[in-house]
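All remarks here apply to the structure that follows.
Numbering (our numbering), first residue to last: 20 to 441.
Written out as C-alpha cells, the structure reads:
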C-alpha cells in the first residue's frame, strides 16, 4: 500500500474511492476492503482518508491471482485440505449461534461468572463472524444490542456472587434476571451511545457526521444528556450524600470512583465525536479499540465500587438506608413458621433454619429492621424484599447486619411497616 500526496496517473486509468474500486471489481465495497489484505494495490492520499487505485494495477493483480489459483489446482500431489470460504463461514455462524444460546441459558439461571465468560467468548467469535453477515442497519442494531447487554452485565454481575452468598435465602430467590443488565447501564453511558450510533450509521454508505449534520447534533445532545443522567443515577443509587455526611472513611473512595467513571466516559465521548465527525469512515477499529480500553477501566472501577457498596450494606446499613421498619403483627413466631411450611418452594435451607433460631425470633419481635432496596422494580415472579437487622452478638470483624431476602408474601404476613419517627 502506497501513501502519496497526489497522483500522476492518466485520469481514465484512475479509480477514486472504494465505490469506484468495488464497481470495477464487480463486488461490494466491504469485499473490496477485505481484498486489500490480499495485496490488492490500493493507494492512500496523505492527509486524508481517501483511496485510489489504477485499473492497470488491479488488472495485473487479478492476473497474478488467477495464475496462483491455477498452480494450486495443478498440484494433485498436495493433499493439504484448505476449508472453502463457505465452509469457514458456516463454522463461524454455527459457533456464534451455539455460544449465544449458551450465554442466554447461563444468564437465565443466574450463573454470573459463566455468563460473563460466555459473553466475552461470544463477542470474540462475533468479531470473526461479522464479515460473513450482511452489513445492514438491522445487523448492526442486533450486534449493538448484544454488546450493550454484555457490557452492562459485566459491570454489575461480577459482584453479585458475593451478595448471593451473604444474604439469607438469596440462593433460593436470586436477583431478577434483568437486574445485572439494568444496574450496569449507569456505568457505560458513552459506550452505549457509540454502539447506538454505529448502528445508526449502518445505512449511510460509510458516510460520517460531516455529511449527516443531524446525526452529529443528536450525538452531542444525547451524549451530554446521558453523562448528566448517569451522574445523577450513580450518586442517587449509591446513597453517597448520606454516606458523606455520616463521615464514613470509605466515602472519598466512592466519590472518586464515581468521578473517574464519568471522566473516562467523557474522554470516550470526545474521541468518538472526533472519530465520527469526518466525510467517510473506512474502518471502526480505532474507535472500538478505545471502547474496549475504556470499558476495562470502567469494569475494574465498577467492581471496586460495588464491593465497597456491599461492605457498607453489611456494616453500616443504618447509615445507607436510615428508615426503620417494625413488624406490626402479633404472634410472629407462629406466623413465620406457618408460612414457611405452606410455601417451601420459596424457602431455602438457611431461611428454614431461622424458624428454630431463638435470637432471630426475638429480633422479629423486638428489633428495628432496615430495608435494602434491590431488584423490586424488575421482579416479574417470585417477588421478594431484603430486610436487615443489627446483630448485637456479631464477631469483632464479622458482619454487623444480618440481611434476609424475605419472599413478598412472608413479608406481608409478618407485617413490616415503617416505624414511627421519634
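We put the beta carbon where it would ideally sit given N, CA and C, even for glycine.
(message) From the DSSP secondary-structure annotation, give me the bridge partner or partners of residue 226.
(response) Taking the first residue of the chain shown as position 1, residue 226 is located at position 207. Answer is 299.
(message) Buried or exposed, going by whether 16 or more other CB atoms sit within 10 Å of the CB of residue 332?
(response) Start at 1 with the first residue of the chain shown, and residue 332 comes out as number 313. So residue 332 counts as buried.
(message) Check this for me: beta carbons of residue 234 and residue 216, under 8 Å apart or not?
(response) Position 215 of the chain shown, counting from 1, holds the residue named residue 234. Position 197 of the chain shown, counting from 1, holds the residue named residue 216. Contact: yes.
(message) Please identify the residue among 57, 255, 175 whose C-alpha is closest to the C-alpha of residue 131.
(response) Here residue 131 refers to the residue found at position 112 when the chain shown is read from its first residue. Taking only the C-alpha atoms, the option nearest residue 131 is 175.
(message) Check for me: the beta strand (DSSP E) holding residue 407 runs from which residue to which?
(response) Counted from its first residue, the chain shown places residue 407 at position 388. Where residue 407 is concerned, the enclosing beta strand (DSSP E) stretches over 403-409.
(message) Quick check: what's the CA-CA separation for residue 72 versus residue 197?
(response) Along the chain shown, one-based indexing puts residue 72 at 53. Along the chain shown, one-based indexing puts residue 197 at 178. If you take the alpha carbons of residue 72 and residue 197, they lie about 51 Å apart.
(request) Could you check which residue in 372, 219, 250, 192 has the C-alpha nearest to that of residue 398? (result) Taking the chain shown and counting its residues from 1, the one referred to as residue 398 is at position 379. Of the listed residues, the one whose Cα sits closest to residue 398 is 192.
(request) Please name the residue, chosen from 76, 70, 50, that lies closest to residue 60 on a Cα-to-Cα basis. (result) Taking the first residue of the chain shown as 1, we reach residue 60 at position 41. Nearest option by C-alpha distance: 76.
(message) Measuring straight from C-alpha to C-alpha, what distance separates residue 123 and residue 134?
(response) As a working mapping, residue 123 is identified with position 104 in the chain shown. As a working mapping, residue 134 is identified with position 115 in the chain shown. The alpha-carbon atoms of residue 123 and residue 134 are separated by roughly 8 Å.
(message) Please give me, in chain order, every unbroken run of the alpha helix (DSSP H) with length at least 4 that falls completely inside the segment 179-256.
(response) 179-185, 198-202, 208-219
(message) Give me, in chain order, the residues of the same chain whose beta-carbon lies closer than 7 Å to that of residue 99; leave out the 5 immediate sequence neighbours on both sides.
(response) Numbered from 1 along the chain shown, position 80 holds the residue referred to as residue 99. Because the pLDDT of residue 99 is 45, which lies under 50, any placement of that residue in the model is unreliable, and the question is left without a value.
(message) Pop quiz: residue 151 and residue 112 are said to be a contact at Cβ under 8 Å. What is the actual Cβ separation, rounded to whole angstroms?
(response) Translated into positions along the chain shown, residue 151 becomes position 132. Translated into positions along the chain shown, residue 112 becomes position 93. About 6 Å separates the two Cβ atoms, so the contact holds.
(message) Comparing C-alpha positions only, which one of 284, 330, 129, 324 sits nearest to residue 417?
(response) Stepping through the chain shown from its first residue, residue 417 is reached at position 398. Minimum Cα distance to residue 417 is reached at 330.
(request) State the DSSP-derived secondary structure class of residue 400, mapped to helix, strand or coil. (result) The residue labelled residue 400 in the question sits at position 381 within the chain shown. Note: residue 400 maps to coil in three-state DSSP.
(message) If you follow the beta strand (DSSP E) that residue 63 is in, where does it begin and where does it stop?
(response) Numbered from its first residue, the chain shown carries residue 63 at position 44. Run containing residue 63: 62-64, per the beta strand (DSSP E) assignment.
(message) Within a Cβ cutoff of 8 Å, which residues of the same chain sit near residue 287, ignoring the five residues on either side of it in sequence?
(response) As a working mapping, residue 287 is identified with position 268 in the chain shown. So the qualifying residues of the chain are 209, 210, 213, 309, 310, 313.
(message) Starting from residue 422, trace the beta strand (DSSP E) in both directions and tell me its first and last residue.
(response) Along the chain shown, one-based indexing puts residue 422 at 403. It spans 420-426 - the beta strand (DSSP E) in which residue 422 sits, taken as one unbroken run.
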